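Just so you know, we're using this note's numbering here: the sequence shown kicks off at 8 and counts up by one.
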Amino acid sequence: MALNGPRPTWLTFDCYGTLIQWDEGLMAAMETILSRKGRKIEAEEFIPVYDRHEHQLEHKPHLSFADVTAKALQLAMRDFSLEADAGDAELLTSSIGRMPPFPEVVATLRKLKQAGFKLAIISNTDDAIIAGNVAQLGGAIDRVITAQQAQAYKPSRQIFEHAWRTLGVTREELVHICASPHLDLTAARDLGFRAVWVDRGTGRRPPADYEPDAIAHGLDDVPGFFQKAGWV
């Protein structure tokens, strides 16, 4: 298991869970929402139900991510015999853009940028939602490609091929860096692009029939992998 092949021109990143503290931010938002309902439900119990509905809604026909989050929240609430209101969806959506990066992310992105790589995000979100997160990344990101722009959600080939056209590269000219096995590593397996998996200890595992090109335990492991590959 090692990175090899030509030096990539672009590094593409998943955003939430890879660069941005998604699980932590989602937990905090859900705890706030659930505390308003007068019933004690642990966010750890609620979030997997919400996630299941979110992933089911991220298929055709295409919905905006704002609509996906609102509908997923409503359906998850219904599963727990609760009623969601518009304020709940607004709280959740607005909280996403405020979720901060992991501690090592900004410095590592800067280091990769200084090494001569171009940096892009490919994310299952809307332009307006991710803007607040990108603003926290120290100005290192060159391009942001969203599900809104591609009209498709990962792991669909449509969003990745849209990203590659937008960046003007082939899959051989990039390395994708991601934390999501379900969304990103599934696509890497099916589409054949190089991928570094950032295993942040969430318990999520890669597909049984796929092995990432490298496994990091934080974004700051990535420059060392690139050095070993002879790219820096």
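Each residue gets a CB set at the ideal place from its N, CA and C atoms; glycine is no exception. Quick caveat, the model's predicted, so the values are computed rather than measured.
For D134 and T153, the gap between their C-alpha atoms comes out near 6 Å. Taken atom to atom, the span from the alpha-carbon of G104 to that of G12 is near 36 Å.
Inter-residue distance for Y57 and G237 is about 42 Å (C-alpha atoms, whole angstroms). DSSP places P188 within a helical segment (H, G or I) once states are collapsed to three. In this structure, A138 sits away from T100, with a CB-CB distance that is not shorter than 8 Å. Between L82 and H62, the C-beta gap is not smaller than 8 Å, which leaves the two residues out of contact. Across the structure, A96 and M84 are spaced so that their CA atoms are roughly 11 Å apart. Your pair L33 and I48 does not check out as a contact, with CB atoms roughly 14 Å apart and the cut at 8 Å.
Annotation for I103: the continuous alpha helix (DSSP H) segment containing it runs 93 to 103. In this structure, the alpha-carbon of G231 lies about 30 Å from that of S163.
Straight-line spacing of the CA atoms in A50 and P213 works out to 24 Å.
Distance from the CA atom of T177 to the CA atom of F124, rounded to whole angstroms, is 15 Å. When rounded, the separation of the alpha-carbon atoms in T193 and L10 is 18 Å.
Minimum Cα-Cα distance from S88 among the listed residues L41, L18, V113 corresponds to L41. Here G225 has E111 as same chain residues with Cβ atoms under 6 Å from its own Cβ, once five neighbours each way along the sequence are excluded. Residue burial annotation: G208 is exposed, with fewer than 16 other C-beta atoms found within 10 angstroms of its C-beta.
Within the segment 51 to 127, complete alpha helix (DSSP H) segments of at least 4 residues are found at 72 to 86, 93 to 103, 112 to 121, given in chain order.
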